[in-house]
Amino acid sequence: MNSPYEVLGIDENATDSQVRESYIAMQKKYDPDSYDKEDLKDFARKKTEEITNAFDQIMNERRVKRMERGESVTDSAESDERFNASVGFSKVRALIDENDLEQAEMILNSIDGSGRSAEWYYLKGTIFFKKGWLDDSTNFFAAALRMDPENPVYKDAFDRATWQKSGNFGPTGNDWRRKQTIPQGTTCSGCDICGGLLCADCCCECMGGDLIRCC
Numbered sequence: 011m012n013s014p015y016e017v018l019g020i021d022e023n024a025t026d027s028q029v030r031e032s033y034i035a036m037q038k039k040y041d042p043d044s045y046d047k048e049d050l051k052d053f054a055r056k057k058t059e060e061i062t063n064a065f066d067q068i069m070n071e072r073r074v075k076r077m078e079r080g081e082s083v084t085d086s087a088e089s090d091e092r093f094n095a096s097v098g099f100s101k102v103r104a105l106i107d108e109n110d111l112e113q114a115e116m117i118l119n120s121i122d123g124s125g126r127s128a129e130w131y132y133l134k135g136t137i138f139f140k141k142g143w144l145d146d147s148t149n150f151f152a153a154a155l156r157m158d159p160e161n162p163v164y165k166d167a168f169d170r171a172t173w174q175k176s177g178n179f180g181p182t183g184n185d186w187r188r189k190q191t192i193p194q195g196t197t198c199s200g201c202d203i204c205g206g207l208l209c210a211d212c213c214c215e216c217m218g219g220d221l222i223r224c225c
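Take 11 as the starting number for the sequence shown in this note's numbering and just add one per residue.
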């Protein structure tokens, strides 16, 4: 089994910034959307997971060593504004709006540890949803909802992904039922009844019958 450093193609003496730069470069190289064939996409997804696990392992091991030495747990690269979670989330939202999903995902993948909050999982799920990866998006929306169960945005996103994952299209079942509900106090007018009868009569005449007989 390759060491996490070998997976990222770097030396064990690489700085935190070099580790992160290599990670981002490899994420871009093995982006599943860069491949047309499904077997290559599957390979890229597995490779992306391997790269992410290697990056997490390296950074977690380095934090433990710093803590044992009595040093700050925060690595040097995390002080960079590019990887500050709050700034990163704002940037990710803007990139998603611009449909630049590759760059948005790269920024999210660069945020690790405590930075992977409910919003992180929600944004990751949003990217997968836009890509059409309904299984992945549902899982990430579910994770966001577990971390913040009262958030209506996460709940709506989870319901929408689950609805489409079941083979449905358009608004979710709850949205559809709300649209089909007749507001309280609403009644059918005489015009509505007449219009319905006329349509029915036309259908009957097409079939050789006659619903409304003229005198």
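Think of the CB as a built atom: it goes at the ideal place given N, C-alpha and C, for glycine as much as any other residue. Every value quoted in this text rests on a predicted model; they were computed, and no experiment measured them.
What is the rounded straight-line gap between the Cα of residue 140 and the Cα of residue 113?
14 Å
By DSSP, does residue 179 sit in helix, in strand, or in coil?
coil
Short of 8 Å in beta carbon distance, which residues of its chain neighbour residue 131, apart from the five on each side in sequence? Order them along the chain.
150, 151, 153, 154 and 157
I need the boundaries of the alpha helix (DSSP H) containing residue 49, first residue and last residue.
48-78
Residue 247 versus 103, 44, 29 and 53, residue with shortest Cα-Cα distance:
The requested residue 247 is not part of the displayed model; the chain covers only 11 to 225.
Reference residue 133, options 116, 102 and 120, closest by Cα:
102
For residue 193, I'd like the list of residues in its chain whose CB is within less than 8 Å of its CB, leaving aside the five on either flank, ordered along the chain.
With a pLDDT of 44 at residue 193, under the threshold of 50, the modelled position of this residue cannot be trusted; read the value that follows with caution. Closer than 8 Å at Cβ, skipping near neighbours: no residue.
Span of the alpha helix (DSSP H), counted from its first residue to its last, around residue 148:
144-157
State the Cα-Cα distance for the pair residue 21 and residue 171, rounded to the nearest angstrom.
41 Å
Under the rule that 16 or more other beta-carbon atoms within 10 Å means buried, what is residue 179, buried or exposed?
exposed
Can you give me the Cβ contacts of residue 15 inside the same chain, cut-off strictly under 6 Å, excluding the 5 residues immediately before and after it?
22
Three-pair Cβ contact test at 8 Å for the stretch 62-69 versus the stretch 103-111
no
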